[in-house]
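S.K.: Could you have a look at this structure, given as structure tokens, before my questions?
There are 2 protein chains.
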Amino acid sequence: MNAVIELLKQHRSIRKFRPDAIEQETLNTLIEAGQCAATSSFIQACTVIQVDNPTLRTELAECAGNQAYVASAPRFLVFCADMRRHQLACEMHGAEMQSGYTEQFLTASLDCALFAQNVAVAAESMGLGLVYIGGLRNQIERVSDLLQLPELVYPVFGLCLGFPDQDPETKPRLPLNVVLKQDRYDDTQDHDAIKAYDEQVLEYYRTRTGGTKEMTWSGQISEMLVKEARPHMLPYLQSRGFLKQ
Amino acid sequence: MNAVIELLKQHRSIRKFRPDAIEQETLNTLIEAGQCAATSSFIQACTVIQVDNPTLRTELAECAGNQAYVASAPRFLVFCADMRRHQLACEMHGAEMQSGYTEQFLTASLDCALFAQNVAVAAESMGLGLVYIGGLRNQIERVSDLLQLPELVYPVFGLCLGFPDQDPETKPRLPLNVVLKQDRYDDTQDHDAIKAYDEQVLEYYRTRTGGTKEMTWSGQISEMLVKEARPHMLPYLQSRGFLKQ
């Protein structure tokens, strides 16, 4: 296993940061590394808002369900799926843009994830730690207003960055034979494999919480999925010009 | 700039591969590196179908608009957003899963992209080259049938992998001030910055094609966006249990 793969395998979310600053030049390097990720049909649909303003940071932390590190992390980035730029390109050529397709929503969102994961890997290669903040979508309309996002731009997730002030264990992942299948989708072994994995996750939480958290993977997932999942997302996205067809 | 960031910055799509095999053990290492990426609320929604069967590969190449390297690349992977596994977890706990939310479609799709980008970075760190295959979505229903995907699983994109037998230049990206914004979305400089970038892209294609391809970024985007974008995606996804609300 080479050093890059070692690095990838050491990933865990960091939510506690040392106060040490991340220079703007360093941040620019991370963003440039993000831009080098593959982009669907060269659309380059990811725009990053770097949020430095402390008032904004406090409000975004609230939006994300009071995750204090959104306000306190040395850096906080919001990754936005951006088709406003495509509209501009169309205007430059007097072309009438066809928008609102599900496919476009998908490619723009995927572009953000590919971009962000490159930023994450680059950051970790410098010794930085990070946590993705999907919680911004709790109050996505308020986030959009705070960042003055125009139509055809939506915030996919945030990213806290800083030098780690904690050293949590990596979290065990599903067995390889559950996530990697040969030639076709065959899930006959999944039930038993997930049962075994559940034990591993139970042990992970036990060790990590000194026995106060008893949770399996399937238990956690099933508890989450009996509830509705951010039902405001579809009307919000449609109001911003996405997912209309 | 450290070696990891150098690696990320050297990315370009590879579509021509040496015949050298990629061992299964190596492939497993790549998938394990993929699994280590962040996952939204620990959903681990990415399943990879490794396609070795030559007949299947030929059919998938057709689905992707006759991209021959889908059939001929030493390895071909299909990344699927998978909520079937979550359904199984719910069944294991007698829980009634709430599905069809846009938010769930988004998080499952993003999980695949984060996972795949880790696979891509790990692969490139071993000297492998790759190209993402979004074209599978041209005939997404046929792809789903070929891979026997059940409800709540859909193919997000493919990935060709192999040792490069070509050495194309990296493609210039949008200027940093277009993709990185401070505290709010301000696009007042974008028009001029894109104009300047267009010249750079024009030059890139001129050099690369010996003058036969004359194309700017905004020109390319505007040509693409006057057309409809895979309008079958929404009905397809809904028929598979996604994007119903």
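Here the protein sequences come in this chain order: A and B. Numbering-wise, this note's numbering comes out as the position in the first sequence, counting from 1, plus 2. Numbering-wise, this note's numbering comes out as the position in the second sequence, counting from 1, plus 2. No residue lacks a Cβ here, since even glycine has one placed at the ideal position from N, Cα and C.
Inspect the beta-carbon positions of B:M217 and B:V203 and report whether they are closer than 8 Å.
M.R.: Stepping through the second sequence from its first residue, residue 217 of chain B is reached at position 215. Stepping through the second sequence from its first residue, residue 203 of chain B is reached at position 201. Yes, they are a contact pair.
S.K.: Rounded to the nearest angstrom, what separates A:R144 and A:C65 at their Cα positions?
M.R.: For the purposes of this step, residue 144 of chain A is taken as residue 142 along the first sequence, with counting starting at 1. For the purposes of this step, residue 65 of chain A is taken as residue 63 along the first sequence, with counting starting at 1. Rounded to whole angstroms, A:R144 to A:C65 spans 7 Å at the Cα level.
S.K.: If I follow the unbroken alpha helix (DSSP H) through A:Y134, where does it start and stop?
M.R.: Taking the first sequence and counting its residues from 1, the one referred to as residue 134 of chain A is at position 132. It is not in any alpha helix (DSSP H) - A:Y134 instead sits in the beta strand (DSSP E) that spans 131–135.
S.K.: Quick one: give me the first and last residue of the alpha helix (DSSP H) that B:K246 is part of.
M.R.: Working through the second sequence from its first residue, we reach residue 246 of chain B at position 244. That residue, B:K246, is in no alpha helix (DSSP H); it is neither H nor E in DSSP.
S.K.: Could you confirm whether any beta carbon from chain A is found closer than 8 Å to the beta carbon of B:K215?
M.R.: In the second sequence, residue 215 of chain B corresponds to position 213, counting from 1. So no, B:K215 is outside the interface.
S.K.: Quick one: Cα of A:P56 to Cα of A:A63, how far?
M.R.: Position 54 of the first sequence, counting from 1, holds the residue named residue 56 of chain A. Position 61 of the first sequence, counting from 1, holds the residue named residue 63 of chain A. The straight-line gap from Cα to Cα measures roughly 10 Å.
S.K.: Determine the chain A residues that contact B:R144 at a beta-carbon separation under 9 Å, and present them in chain order.
M.R.: As a working mapping, residue 144 of chain B is identified with position 142 in the second sequence. Those within 9 Å of B:R144 in chain A number zero; the least Cβ separation is about 14 Å.
S.K.: Could you check the C-alpha separation between A:I196 and A:V53 for me, to the nearest Å?
M.R.: Residue 196 of chain A sits at position 194 when you count from the first residue of the first sequence. Residue 53 of chain A sits at position 51 when you count from the first residue of the first sequence. If you take the alpha carbons of A:I196 and A:V53, they lie about 40 Å apart.
S.K.: Are B:R175 and A:C38 touching if we call contact CB-CB under 8 Å?
M.R.: In the second sequence, counting from the first residue as 1, residue 175 of chain B sits at position 173. In the first sequence, counting from the first residue as 1, residue 38 of chain A sits at position 36. Yes, they are a contact pair.
S.K.: With the cut-off set at 8 Å, would you say A:Y156 and A:L245 are in Cβ contact?
M.R.: Start at 1 with the first residue of the first sequence, and residue 156 of chain A comes out as number 154. Start at 1 with the first residue of the first sequence, and residue 245 of chain A comes out as number 243. Not in contact: A:Y156 and A:L245 (Cβ atoms no closer than 8 Å).
S.K.: A:L130: which of A:K183, A:V181, A:Q168, A:Y187 sits nearest, CA to CA?
M.R.: On the first sequence, position 128 is the one that residue 130 of chain A refers to. Minimum Cα distance to A:L130 is reached at A:Q168.
S.K.: Name the chain A residues that come within less than 8 Å of B:N120, Cβ to Cβ?
M.R.: The residue given as residue 120 of chain B occupies position 118 in the second sequence. Here the neighbours are L10, Q119, V123.
S.K.: Please confirm whether A:P170 has its beta-carbon closer than 8 Å to some beta-carbon of chain B.
M.R.: Taking the first sequence and counting its residues from 1, one reaches residue 170 of chain A at position 168. Not one chain B Cβ lies under 8 Å of A:P170.
S.K.: In the region 159–187 of chain B, which residues sit with their C-beta less than 9 Å from some C-beta in chain A, listed in chain order?
M.R.: Listed by position, the residues of the region 159–187 of chain B near chain A (Cβ gap below 9 Å) are F159, T172, K173, R175, L176, L178, V180, V181, L182, K183, Q184, D185, R186, Y187.
S.K.: Going by DSSP, what residue range makes up the beta strand (DSSP E) through A:C48?
M.R.: Position 46 of the first sequence, counted from the first residue, corresponds to residue 48 of chain A. A:C48 -> beta strand (DSSP E) spans 48–52.
S.K.: So B:T31 contacts chain A; which residues on that side make the cut at Cβ distance below 7 Å?
M.R.: On the second sequence, position 29 is the one that residue 31 of chain B refers to. Chain A residues near B:T31: M3, I7.
S.K.: Answer yes if the region 178–194 of chain A comes into contact with the region 76–90 of chain B, meaning at least three C-beta pairs across the two stretches below 8 Å, and no otherwise.
M.R.: Touching, yes, given that three or more Cβ pairs across the two stretches are closer than 8 Å.
S.K.: Within 10 angstroms of its Cβ, does A:A198 collect 16 or more other Cβ (buried), or is it exposed?
M.R.: For the purposes of this step, residue 198 of chain A is taken as the residue at position 196 of the first sequence. Exposed, because fewer than 16 other Cβ atoms sit within 10 Å of the Cβ of A:A198.
S.K.: Given this structure, state the Cα-to-Cα distance separating A:Y248 from B:P21, to the nearest angstrom.
M.R.: Past the edges of chain A, shown from 3 to 247, lies residue 248 of chain A, and the structure says nothing about it.
S.K.: Enumerated in chain order, which unbroken segments of the alpha helix (DSSP H) with a length of 4 residues or greater are wholly contained in the region 108–191 of chain A?
M.R.: Entirely contained in the region 108–191 of chain A, the alpha helix (DSSP H) runs reaching 4 residues are, in chain order, 142–148, 178–181.
S.K.: Which of the three DSSP states is assigned to B:A97 in this structure?
M.R.: Residue mapping note: residue 97 of chain B aligns to position 95 of the second sequence, counting from 1. Coil, per DSSP.
S.K.: Can you check which of these residues, A:Q222, A:G102, A:K11, is closest to B:L236 by C-alpha distance?
M.R.: Reading the second sequence from its first residue, position 234 is the one you call residue 236 of chain B. Cα-wise, what sits closest to B:L236 is A:G102.
S.K.: Between the region 137–153 of chain A and the region 3–20 of chain B, are three or more C-beta pairs nearer than 8 Å?
M.R.: Not touching, per the Cβ criterion.
S.K.: In chain order, what residues of the same chain lie with their CB nearer than 7 Å to the CB of A:A75, ignoring the 5 residues before and after it?
M.R.: Taking the first sequence and counting its residues from 1, one reaches residue 75 of chain A at position 73. Same-chain partners within the cutoff: F19, C162, L163, G164.
S.K.: Measuring only the C-alpha atoms, how far is A:Y187 from B:D188?
M.R.: Taking the first residue of the first sequence as 1, we reach residue 187 of chain A at position 185. Taking the first residue of the second sequence as 1, we reach residue 188 of chain B at position 186. When rounded, the distance between both Cα atoms is 45 Å.
S.K.: Might you give, ordered along the chain, the residues of its own chain that have their beta carbon closer than 7 Å to the beta carbon of A:C220, omitting 5 neighbours on each side?
M.R.: In the first sequence, counting from the first residue as 1, residue 220 of chain A sits at position 218. The displayed chain sequence assigns Ser, not Cys, to residue 220 of chain A. Once the five neighbours on either side are set aside, the close Cβ partners of A:S220 are I196, D200.
S.K.: Taking 8 Å as the threshold (C-beta atoms), are A:G160 and A:F107 in contact?
M.R.: Numbered from 1 along the first sequence, position 105 holds the residue referred to as residue 107 of chain A. Numbered from 1 along the first sequence, position 158 holds the residue referred to as residue 160 of chain A. In this structure, A:G160 does not lie closer than 8 Å to A:F107 by Cβ.
S.K.: Report the option in B:A125, B:Q222, B:A97 whose CA atom is closest to the CA atom of B:L10.
M.R.: By one-based count along the second sequence, residue 10 of chain B stands at place 8. Taking only the C-alpha atoms, the option nearest B:L10 is B:A125.
S.K.: Could you name the residues of the same chain whose beta carbon sits closer than 6 Å to that of A:P166, not counting the 5 residues immediately before and after it, in chain order?
M.R.: In the first sequence, the residue the question calls residue 166 of chain A occupies position 164. Once the five neighbours on either side are set aside, the close Cβ partners of A:P166 are I16, G131.
S.K.: Note down, in chain order, all residues in the region 127–142 of chain A with a beta-carbon under 9 Å from any beta-carbon belonging to chain B.
M.R.: Correct list: S127, M128, L132, V133, Y134, G136, R139.
S.K.: Figure out for me which residue from B:A70, B:C114, B:Q100 has the closest Cα to the Cα of B:C48.
M.R.: If you number the second sequence from 1, residue 48 of chain B lands on position 46. It is B:C114.
S.K.: Got a sec, what are the start and stop residues for the beta strand (DSSP E) B:A75 sits in?
M.R.: As a first step, residue 75 of chain B must be located in the second sequence, where it is residue number 73. Neither: B:A75 is in no beta strand (DSSP E) and is coded neither H nor E.
S.K.: Nearest chain B C-beta to A:V155 closer than 8 Å, yes or no?
M.R.: For the purposes of this step, residue 155 of chain A is identified with residue 153 of the first sequence, where counting begins at 1. So yes, A:V155 belongs to the interface.
S.K.: Would A:I51 pass as an interface residue toward chain B - the criterion being a Cβ-Cβ separation below 8 Å?
M.R.: For the purposes of this step, residue 51 of chain A is taken as the residue at position 49 of the first sequence. So yes, A:I51 belongs to the interface.
S.K.: Given a cut-off of 8 Å on the beta-carbon distance, is the pair B:S111 and B:V158 in contact?
M.R.: Residue numbering aside, residue 111 of chain B sits at position 109 when the second sequence is read from its first letter. Residue numbering aside, residue 158 of chain B sits at position 156 when the second sequence is read from its first letter. Yes, they are a contact pair.
S.K.: Under 8 Å between C-beta atoms, does A:D22 make it to chain B?
M.R.: Position 20 of the first sequence, counted from the first residue, corresponds to residue 22 of chain A. Not an interface residue.
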